[in-house]
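Here the working numbering is used: the first residue of the sequence shown is 289, the next is one more, and so on. Just so you know, even glycine gets a beta-carbon here, dropped at the ideal spot from N, CA and C. Please read all numbers here as calculations on a predicted model, not as lab measurements.
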Amino acid sequence: MTTQNVLSIVLGLALVVFIGVRQSMWQNLTPRSTWLLPAILAVVGLALLVNQTPASAFTAAGLGLLLVEVALSVGIGVVMGWITRFRRLDGHVVDGRGRRIEWQTRTGWLGAVLWVALIALRIGVDVWAGNVGLGALVASTGAILLVVGANRLTRAGIMQLRLTRHQELEAAAA
Numbered sequence: 289m290t291t292q293n294v295l296s297i298v299l300g301l302a303l304v305v306f307i308g309v310r311q312s313m314w315q316n317l318t319p320r321s322t323w324l325l326p327a328i329l330a331v332v333g334l335a336l337l338v339n340q341t342p343a344s345a346f347t348a349a350g351l352g353l354l355l356v357e358v359a360l361s362v363g364i365g366v367v368m369g370w371i372t373r374f375r376r377l378d379g380h381v382v383d384g385r386g387r388r389i390e391w392q393t394r395t396g397w398l399g400a401v402l403w404v405a406l407i408a409l410r411i412g413v414d415v416w417a418g419n420v421g422l423g424a425l426v427a428s429t430g431a432i433l434l435v436v437g438a439n440r441l442t443r444a445g446i447m448q449l450r451l452t453r454h455q456e457l458e459a460a461a462a
């Protein structure tokens, strides 16, 4: 195992731990924090996939496996969005950029477990794809970013739907 591989594993584990811990902590909910990073991940992932993956890697089997992986990632995103808990703040909370924060969210320990499951899915698919000759497409950086971006965008969409519904019910009860 090379030093680069060890470094990649350590950084990957640090990212998993970081995001897992964040899943269990209350996070300020802003449109920027909800949508911007997932959109960037998905767009950059798609751009990298198209521009840096050899044309020979775009086989029916490779694309099929990538679509299955994206579908599973989206499914995990639906669950993560569904289990997200919301709490309303008193309206006097301002973030570091001077924006008033009205809501916070967290997915708790189950969100952290789902995040680890998504990473395990990625690793499993990468290993399997490499063993059957599909690794050039599925294990590419673009595919990784696309899968994570799709997961986070789906989570954001479900959260937005739920929060909108919650606000409508609150308004009707008032």
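If I follow the unbroken beta strand (DSSP E) through residue i, where does it start and stop?
i, result
"residue 393", "388-394"
Classify residue i as buried or exposed, calling it buried when 16 or more other Cβ atoms lie within 10 Å of its own Cβ.
i, result
"residue 443", "buried"
"residue 340", "exposed"
"residue 291", "exposed"
"residue 412", "exposed"
"residue 426", "buried"
"residue 352", "exposed"
If you drop the 5 nearest sequence neighbours on each side, which residues of the same chain put their C-beta closer than 8 Å to that of residue i?
i, result
"residue 314", "375, 392, 393, 394"
"residue 462", "none"
For residue i, write down the residues that DSSP places opposite it in a beta bridge.
i, result
"residue 316", "392"
"residue 362", "According to DSSP, residue 362 bridges with nothing at all."
"residue 381", "389"
Taking residue i and residue j to be in contact with their CB atoms under 8 Å, please state how far apart those CB atoms are, rounded to whole angstroms.
i, j, result
"residue 369", "residue 446", "2 Å"
"residue 358", "residue 438", "5 Å"
"residue 381", "residue 308", "Not really, about 25 Å apart at Cβ, beyond 8 Å."
Please work out which residues of its chain come closer than 7 Å, Cβ to Cβ, to residue i, disregarding the five sequence neighbours upstream and downstream, and give them in chain order.
i, result
"residue 342", "424"
"residue 366", "442, 446"
"residue 337", "428, 430, 431, 434"
"residue 402", "364, 367, 368"
"residue 326", "437, 440, 441, 444"
"residue 397", "312"
"residue 360", "409"
In terms of residue numbering, what span does the alpha helix (DSSP H) encompassing residue i cover?
i, result
"residue 420", "Looking at the DSSP string, residue 420 is not in any alpha helix (DSSP H), and its letter there is neither H nor E."
"residue 438", "429-461"
"residue 330", "325-340"
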